[in-house]
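So the structure is just underneath, and the comments pick up after that.
In the UniProt record's numbering, the protein residues as written are 1 to 446.
What follows is the structure in structure tokens.
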């Protein structure tokens, strides 16, 4: 009850444009109860590490009716009375009582406002009326997504839900079949090309040089572009390689080591450079090691292409507004390899491995035990987090938190029979929330 009176006093200060301590509110203070309560939810996460689903934050931003406001305020008071939050608060700040901490939290967000992101709902599934063709880039995407307007958690779930549930549309089936055809046909050519490339490295001569070598490079470059279109249609609704309404070209361009980058040796397998609503993907066929350049296997080149396409997709369509950016540690990450990326990438890789035996071991060397989570990406993100901590720049972000069991896409990690297992769990919307440790039983049964 004491907390209820405290918050009632705070809200009265909002309405009268005064702070809870009685001083006049500065210009630009909270104008509405909706704004205050939405920032309160952010405050809980910032100060107490509350485990909220991101979709819950989105719902709070658009509450308008008085009934919903009272319901939300009731949830606020119940949260203040939570024994878990009180124990955590007592552990973190033993010399500050609850009321003072509440006022400190209110003052923090009262003096430093965060502009609310205006997110867009994900469009209803719809198939483009024109026939599927992997050779054409003039067809419209299957879903008219708007760049930079989607919550990362919602975008990830809507992207993977169909194939995670086993629902495959006709255009996705065609894209999958074409992908397998192109992949198998190009694999033999890529092995021959790689042998030529290794021989050229040993002889220290420029490559490709002969007419046959140049022709083989051009064919493999075309194959990679065709594979990118197939992956785009199968997993990303054709939004990367097809031309959006009002645009003159696709939002993603590809450069490969078979053509534009054939004279370069990258320090990594690939990279994605995003600027505005467009991205440029680079995939190398040579990597520079400490001793000499090394050729890259065909399967690694294709898995790198899928990896970079996932980056380009999230960079293009995830909201980059102030509010979403503050929570980026828990979504796209500081390096682009955050939880949202790991989940989407892992489920796509898992799906690709099930297509054919030639893909069964794709990217297995980099995957953590237990599933398809990319261990290399985890290491990159952990290092970025450590550097941000050393630079004292984490204060600009909401704190890192683990996925809660009620999330539809959940990244879990734990010890099973003495081994560290990392998995991505998918749960259909509306299905019962499982026990937090139910995934261990599921893993053992598999």
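A virtual CB, placed ideally from N, CA and C, is assigned to each residue, including glycine.
Quick caveat: nothing in here was measured; it's all calculated off a predicted structure.
What does a CB cutoff of less than 7 Å around residue 131 pick up in its chain, not counting 5 residues either side in sequence?
Its pLDDT being 42, under 50, residue 131 is placed unreliably in this model, and the value from its coordinates should be taken loosely. So the list is empty, once near-sequence residues are dropped.
I need the straight-line Cα distance from residue 370 to residue 414, nearest angstrom please.
Rounded to the nearest angstrom, the gap between the Cα atoms of residue 370 and residue 414 is 10 Å.
Under 6 Å: does the beta carbon of residue 281 sit that close to some heavy atom of the ligand COA?
No copy of the ligand COA occurs in the structure displayed, which carries no ligand at all.
Residue 255 and residue 315 look like a contact to me (Cβ under 8 Å); what is the Cβ gap, rounded to whole Å?
No, residue 255 and residue 315 are not in contact; Cβ-Cβ is about 17 Å, not under 8 Å.
So for residue 225, helix, strand or coil by DSSP?
Helix.
Mapping DSSP to helix, strand and coil, what is residue 415?
Note: residue 415 maps to strand in three-state DSSP.
Coarse secondary structure for residue 275, derived from DSSP in three states
Reduced to three states, the DSSP call for residue 275 is strand.
So, with DSSP's three-state summary, where would you put residue 288?
In this structure, residue 288 counts as strand in the three-state DSSP scheme.
Count the other C-beta atoms from every protein chain shown that fall within 10 angstroms of the C-beta of residue 322, then say buried if there are 16 or more, exposed otherwise.
Classification for residue 322: exposed.
What residue does the beta strand (DSSP E) around residue 256 start on, and which one ends it?
Unbroken beta strand (DSSP E) run through residue 256: 252-256.
Output the boundary residues of the alpha helix (DSSP H) element that contains residue 164.
In this chain, the alpha helix (DSSP H) harbouring residue 164 covers 152-164.
Whole angstroms is fine: what's the gap from residue 193's alpha carbon to residue 213's?
Roughly 7 Å between the two C-alpha positions.
Mind checking which residues open and close the alpha helix (DSSP H) that includes residue 451?
Residue coverage of the chain in this structure runs from 1 to 446, which leaves residue 451 outside it and unanswerable.
According to DSSP, is residue 343 part of a helix, a strand, or is it coil?
Residue 343 carries a helical assignment under DSSP once its states are collapsed to helix, strand and coil.
Assign residue 146 to one of two classes, buried (16 or more other C-beta atoms within 10 Å of its C-beta) or exposed (fewer than that).
Label assigned to residue 146: exposed.
How many Å lie between residue 310 and residue 341 at the Cα?
Rounded to the nearest whole angstrom, the CA to CA distance from residue 310 to residue 341 is 7 Å.
Own chain residues within Cβ distance below 7 Å of residue 184, not counting five before or after:
Around residue 184, the same chain offers 358 as residues with beta carbons nearer than 7 Å, after the five sequence neighbours per side are excluded.
Taking the DSSP output, what are the residues bridged to residue 410?
DSSP lists 425 as partners of residue 410.
Between the CA atoms of residue 189 and residue 216 - distance to the nearest angstrom:
When rounded, the separation of the alpha-carbon atoms in residue 216 and residue 189 is 7 Å.
For residue 436, which residues of its own chain have a beta-carbon under 6 Å away from its beta-carbon, when the five flanking residues on both sides are left out?
Cβ contact annotation for residue 436 (same chain, cutoff 6 Å, sequence separation greater than five): 405, in chain order.
Residue interval of the alpha helix (DSSP H) (run including residue 312):
Counted as a single uninterrupted DSSP element, the alpha helix (DSSP H) harbouring residue 312 occupies residues 298-317.
Assigned secondary structure, residue 374 (DSSP; H/G/I helix, E/B strand, else coil):
For residue 374, the three-state secondary structure derived from DSSP is strand.
To the nearest angstrom, how far is it from the Cα of residue 285 to the Cα of residue 187?
Cα to Cα, the separation comes out at about 14 Å.
Can you grab the Cα-Cα spacing for the pair residue 377 / residue 209, in whole Å?
Residue 377 and residue 209 have their C-alpha atoms some 36 Å from each other.
Determine the DSSP secondary structure at residue 170, reduced to helix, strand or coil.
The answer is helix: DSSP assigns residue 170 an H, G or I state.
CB contact flag (residue 388, residue 334, <7 Å):
Yes; because the gap between Cβ atoms is below 7 Å, this pair is in contact.
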